[in-house]
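Residue numbers (full-length UniProt numbering): 1 to 917.
Here's the structure, in structure tokens; my notes come after.
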């Protein structure tokens, strides 16, 4: 994977070879100065009318002159090494060489476009080493006496970079014991002409890649037979139907990239179809100055219209129903909306990169097109897979690409000095990091299977730090589904890597973000610094060791014209991979990590395929496999499957086992049901015992409370989303209880609490109810995936014959594993127990005396469910209940004096809350 960097350029940039190094006593000044005597001689020669230039004049100064300057200073002894560095000032286009006193080693402090070179000892003999900025230094002593030593330093840029020229400096070094501050003169600064022409980054054109015409036709006919379908359309319809029927249960094992491509087209069309209600017909455009415009009222604009494109279809084409999106349509971005008009610049209308003038005499149909850049990047990735014949590699992960071999791998690294003490005591994390650094899976992906709270982000941070420590020239791309996940990695990396080595690539839509939407620290080293979308130059971009970007915005990175971009990154980390569609994961892997038939980057996939996968709008696309993530599919392949001994091949997979988030009782259900009971609860005190000190728990060893609420749920008018006012009141009660009474005498704060519900209508009503409660986060399971709170309150909403969204096992897994110390679940037990998994969870709560609210009885468990319950209760059983004794057990619970006392206290608190309102 890692290749020897060959082919240095040998052009020499002339530099002064007479320099006097004076060292600042306070170690704050950087001095690299010309001796006065030598400067005078040079100036004199130039005044005498000589034709030689300054550099030639300098070369004529003898070694005797050099040492003459040295003899003026007292010297005690020479150091064994020299503290030296350099920086390149991109603004003034010059290089400054720097020296520091006392430390006697090179130190690297990168400033955006300005570099000092680090941790580099200069011995007394020739040597060569690659430093953190991909420079090679050759240092040779060329002369010395009692007062001075002369070093010749050759600095070469490695040829994989744009900055690859060669230059050399001869340093005459004088060591002074006590330095007289009067000796200091200004830094010697010299120009590097090669750096003067900076190249502004540009974006390569990305094709529109519209859906296959046959897929579009079938979509318009709702994938049903119709007399107007051609023979080719019917053949494709039968192929899709056959795939759905025969591969629905086996698609993870036998996935078809062509079917996934069809599914992507269907999802693309579905996303566009959601905007059909905003379509306007018979639009008459006018042109004024450099702009076109047309009137439109704000109520006819879709949400987030600024991020969308306008598609103008001639009315005659639209009425015929047959539109060629490549030939007939004109696309534009909205320039601005004001005074009831949309305006856009004449330069904006483009059709596949070609400008076209709009016919002002023509009537158009206007369609709003969602931002398709991610879809386009996904289609481009599929196009590359097809062109370079990588189907077998991505379908099976068994066949090595033709141009990949192990001959160019670097030497294996055995010894690691861990930065994070927690990782140093975690065998699984150490194993994963060692294997990733040493590329054991290459050219295949390495998978980190990280269940909830097992430290995936900590692993990424440590892994990047270890890679850069072992191979300082490495370039690393980190991607994730969400901006919050990307920012978390970036902010934590700043504890180990200087800000100037990290580049955060944001979407331009975040130029004016809401409060807390982006990291202010990372914005300073991003394209959004200075409150404008400003991309670095090519030269600057090459200096970043770590680039961080969401999968959505990664499509923009693919477009960057920075030379051989596909060979740019040595590692590509795809975090939250299990929550992304397979085509989305292909964008960085194929777009930035392959060249023809060669995999050029080490791919690392991180996530948990037992939690929620990608969100898919189209049922047909879901059935064709678009809802199966790359991580989920790859975990079914021979290299990655769990073995008979319940382990994985650690050369390809590591499962993290230590959960640092949740109390053991909160973790137990998911651990048994989803993770083969392999997880270990490692939450530390006092977090572990915080929830168990809540006075309103039924069981002090079990920080889970199920509150049965049988208030009927309702459906919003003119919609399908559900809400439940009874549950909203109960959520309000518990939130007020926690904020006003607290836990163990200490009041909670809004940021401690998270509220989860699966229905939009319920979320809207909850947000309205808590609009004055400060930083109280309310969201779906999808919103909370990857997040955590000390206390989680779940409102299940449904109070009918089915559980609706909650039938998803993964959604249940996500919901209950967000809580660290206390989990409160509100729902109708009669409804929830219709689902086998929820029935098991209800029994788990009942068996541990953690239920309150409306009375209920549970269905008997099947033999298999009883086995699960027995395993669940091996640690936390206070009261074991089986189906036959439920009635007696319920009666016993109702008579329990402690429970009655708690209920009385809750009623008093309810009255108190009403008085407070």
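By construction, the Cβ of each residue, glycine as well, lies at the ideal position given by its N, Cα and C atoms.
All of these numbers come straight from a predicted model, not from anything done at the bench.
So, using beta-carbon positions, are residue i and residue j closer together than 8 Å?
i, j, result
"residue 606", "residue 450", "yes"
"residue 586", "residue 381", "yes"
"residue 710", "residue 854", "yes"
"residue 294", "residue 341", "yes"
"residue 551", "residue 578", "no"
"residue 478", "residue 546", "yes"
"residue 257", "residue 413", "no"
"residue 923", "residue 458", "Not covered by the structure: residue 923. The range shown for the chain is 1 to 917."
"residue 823", "residue 792", "yes"
"residue 567", "residue 600", "yes"
"residue 662", "residue 683", "yes"
"residue 920", "residue 296", "The chain is shown from 1 up to 917; residue 920 falls before or after that span and cannot be answered."
"residue 334", "residue 316", "no"
"residue 291", "residue 343", "yes"
Let me confirm a value: residue i is counted as buried when at least 16 other C-beta atoms fall within 10 Å, else exposed. Which label applies?
i, result
"residue 489", "buried"
"residue 426", "buried"
"residue 367", "buried"
"residue 231", "exposed"
"residue 548", "buried"
"residue 752", "buried"
"residue 481", "buried"
"residue 720", "exposed"
"residue 245", "exposed"
"residue 844", "buried"
"residue 429", "buried"
"residue 932", "It is not possible to answer for residue 932, since the shown part of the chain is limited to 1 through 917."
"residue 286", "exposed"
Nearer than 7 Å: is that true of the beta carbon of residue i relative to any heavy atom of the ligand ATP?
i, result
"residue 837", "Ligands are entirely absent from the displayed structure, and the ligand ATP is therefore not among its contents."
Out of curiosity, what's the CA-to-CA distance linking residue i and residue j?
i, j, result
"residue 851", "residue 627", "35 Å"
"residue 502", "residue 872", "45 Å"
"residue 634", "residue 443", "14 Å"
"residue 476", "residue 268", "30 Å"
"residue 390", "residue 593", "13 Å"
"residue 460", "residue 847", "39 Å"
"residue 702", "residue 395", "45 Å"
"residue 370", "residue 216", "17 Å"
"residue 324", "residue 639", "45 Å"
"residue 818", "residue 570", "34 Å"
"residue 619", "residue 214", "18 Å"
"residue 573", "residue 773", "38 Å"
"residue 512", "residue 531", "8 Å"
"residue 259", "residue 674", "29 Å"
"residue 438", "residue 820", "34 Å"
"residue 667", "residue 472", "39 Å"
"residue 497", "residue 463", "12 Å"
"residue 643", "residue 656", "16 Å"
"residue 584", "residue 374", "7 Å"
"residue 281", "residue 364", "7 Å"
"residue 858", "residue 839", "7 Å"
What would DSSP say about residue i, mapped onto helix, strand or coil?
i, result
"residue 845", "helix"
"residue 368", "strand"
"residue 746", "strand"
"residue 203", "strand"
"residue 571", "strand"
"residue 439", "coil"
"residue 805", "helix"
"residue 658", "strand"
"residue 236", "helix"
"residue 281", "strand"
"residue 854", "coil"
"residue 650", "coil"
"residue 602", "strand"
"residue 329", "coil"
Does the count of Cβ pairs from the region 684 to 701 and the region 724 to 732 closer than 8 Å reach three?
no
Tell me, please, whether the region 611 to 631 touches the region 805 to 825 by the rule of three or more beta-carbon pairs shorter than 8 Å.
yes
Three or more C-beta pairs under 8 Å: does that hold for the region 822 to 831 against the region 782 to 799?
yes
Does the count of Cβ pairs from the region 532 to 539 and the region 460 to 469 closer than 8 Å reach three?
no
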